[in-house]
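**Student:** Here it is, the structure in full.
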Amino acid sequence: DMRATDSQVDSMISLYKDDHYNEVIDDEGAMVYTNRLDSIHVVSDAEFDESHPAGVLLNDLFYISINSYYDLLNSNYGRDRDCQLTSSRKVSNFKESDGHLVAGFVMVLPKEFVPRLKEHNIAITYYFHNLKPQELTYKVSFD
1482 DMRATDSQVD SMISLYKDDH YNEVIDDEGA MVYTNRLDSI HVVSDAEFDE
1532 SHPAGVLLND LFYISINSYY DLLNSNYGRD RDCQLTSSRK VSNFKESDGH
1582 LVAGFVMVLP KEFVPRLKEH NIAITYYFHN LKPQELTYKV SFD
């Protein structure tokens, strides 16, 4: 965004070989993570179902909706082909290209899925390129 330093901008230009675009993108407040998001792990301290005991990855249950500028950049800003700014998939199907130029994301568990136990401490670990893993834990009650 506008607060990026010249060295951050130069680093991103070099990384994505994007030194030829000379137009303004009218996306007020647009910001992206400068470090690539490599993967996400979702784990609960309580049993979800028969296939997902406590401590097992729940990536195959949760969905992620990702807002990213990566496809826009790779499509020559939409000139070469249609591009997507948002994609949705199971966390277990997260691809490397999903983690580039991420502007934001949301993770959800489908409403039709009801865990066996109602109370959970869900830990979500984010693995960013060149950073220590970041873990957040949420206390969740399913009705």
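So for the sequence shown, the numbering used here puts the first residue at 1482; every next one is plus one.
Don't be surprised by glycine CBs; every beta carbon is placed ideally from N, CA and C.
#1: Aspartate 1552 lies in the beta strand (DSSP E); which residues open and close that run?
#2: Around the C-beta of phenylalanine 1586, are 16 or more other C-beta atoms found within 10 angstroms, so that it is buried, or is it exposed?
#3: As a quick exercise: from Asn1611, Glu1528 and Lys1620, pick the residue whose alpha carbon is nearest that of threonine 1515.
#4: Going by DSSP, name the residue or residues bridged to glutamate 1593.
#5: Following the continuous beta strand (DSSP E) through glutamate 1600, name the residue where it begins and the one where it ends.
#6: Using C-beta distances below 7 Å, list every residue in its chain close to leucine 1539, excluding the 5 sequence neighbours before and after it, in chain order.
#7: For tyrosine 1617, which option in Ile1605, Asp1624, Lys1599 and Phe1609 has the closest C-alpha, if you only look at C-alpha atoms?
**Tutor:** Looking at the atomic coordinates:
#1: Membership of aspartate 1552 in any beta strand (DSSP E) is not indicated; the residue belongs instead to the alpha helix (DSSP H) covering 1551–1555.
#2: buried
#3: Put simply, of Asn1611, Glu1528 and Lys1620 the residue whose alpha carbon is nearest the alpha carbon of threonine 1515 is Asn1611.
#4: In the DSSP output, where bridge partners are listed per residue, glutamate 1593 has none listed.
#5: 1600–1609
#6: Val1523, Val1524, Ser1525, Phe1529 and His1533
#7: For clarity, residue 1617 is leucine in the given sequence; the question names tyrosine instead. Comparing Cα-Cα distances from leucine 1617 to each of Ile1605, Asp1624, Lys1599 and Phe1609, the minimum goes to Ile1605.
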